[in-house]
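*Asks:*
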Amino acid sequence: IRVEPDRNWNVMDIDVLNWLWEFGPRTNYIREFLEFRLIFEPAAASAAAKNATDADRAEILELYRILAEESDRISDRSSDERAQDADLQFHLAVFRASRNRLLVYTGTLIGHIMRQQIAMTTSTPGVFRDAVPLHKQMAEAIAKGNHREAERAARDNVIWTQNALDRHNREHQTAVAGA
């Protein structure tokens, strides 16, 4: 078997993504993903505010409600699989509500990576709860058809997540150094 240089890899292939998650440096993997997400998710939120059907808007508001309930349930603890799934379903609904086939496909494609990212970045107690207001802003902006506010809220959410990853990495480095 001959392994190609990583610049030739199809990093959007699920098998390659799984291998990278399993054997590669996870911090770099998630950092790159969040940079990618910062490009596409604000565009999806803006498009959702413009193009969503009434049913799409209702679904996003309902998924936000479930997300907030999950936040209340876990309180200041680390997120669990149920809370992480609520978060993931919210973001995937935003991509679907864009009604743009390329963005919908991108959302489906990144869903697998996003599940891993959510698990990592919300593993610190209280972090899941702290992100809920940004989801509310995004959901309400989409429901009102305010594309600029939806785009801003989505961008702020991804930047907040990048900061959460940085905090997670610092805490992990401190814990490893203290061990």
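According to the numbering used here, the sequence shown holds residues -11 to 167 in order.
Just so it is clear, CB atoms sit at the ideal spot from N, CA and C, and this is done for glycine as well.
Does the distance from the C-beta atom of Gln150 to that of Leu8 stay below 8 Å?
*Replies:* Contact flag unset, no.
*Asks:* Can you list, in chain order, the residues of its chain whose CB lies under 8 Å from that of Ser63, leaving out five sequence neighbours each side?
*Replies:* Here the set comprises Arg117.
*Asks:* Tell me the start and end of each unbroken beta strand (DSSP E) in the segment 84 to 115 that is at least 3 residues and wholly inside, in chain order.
*Replies:* If we require 3 residues or more, the segment 84 to 115 turns out to have no beta strand (DSSP E) run fully inside it.
*Asks:* Does DSSP classify Ala129 as helix, strand or coil?
*Replies:* DSSP places Ala129 in helix when its eight states are reduced to three.
*Asks:* Whole beta strand (DSSP E) runs in the segment 55 to 89 with 3 or more residues, listed along the chain?
*Replies:* Runs found: none.
*Asks:* Are the CB atoms of Ile106 and Gln77 nearer to each other than 8 Å?
*Replies:* It is not a contact, given that the beta carbons lie outside the stated cut-off.
*Asks:* So, are the CB atoms of Ser66 and Ser34 less than 8 Å apart?
*Replies:* Not closer than 8 Å, so no.
*Asks:* Looking at C-alpha atoms only, which residue of Thr162, Ala129, Arg103 is the closest neighbour of Tyr169?
*Replies:* Nothing can be reported for residue 169, as the shown portion of the chain is limited to -11 through 167.
*Asks:* For the alpha helix (DSSP H) that Trp(-3) lies in, which residues bound it at each end?
*Replies:* Trp(-3) -> no alpha helix (DSSP H), and no H or E assigned at all.
*Asks:* I need the straight-line Cα distance from Asp75 to Trp(-3), nearest angstrom please.
*Replies:* Rounded to the nearest angstrom, the two C-alpha atoms are 29 Å apart.
*Asks:* With three or more C-beta pairs closer than 8 Å as the rule, is the segment 119 to 131 touching the segment 25 to 41?
*Replies:* Yes, they touch.
*Asks:* What residue from Ile54, Arg(-5), Ala56, Phe83 has the CA that sits closest to Asp139's CA?
*Replies:* The sequence given here has Glu at residue 139, not Asp. Selected option, being the one with the closest Cα: Phe83.
*Asks:* Any contact of the segment 81 to 95 with the segment 44 to 57, i.e. 3+ C-beta pairs under 8 Å?
*Replies:* Touching, yes.
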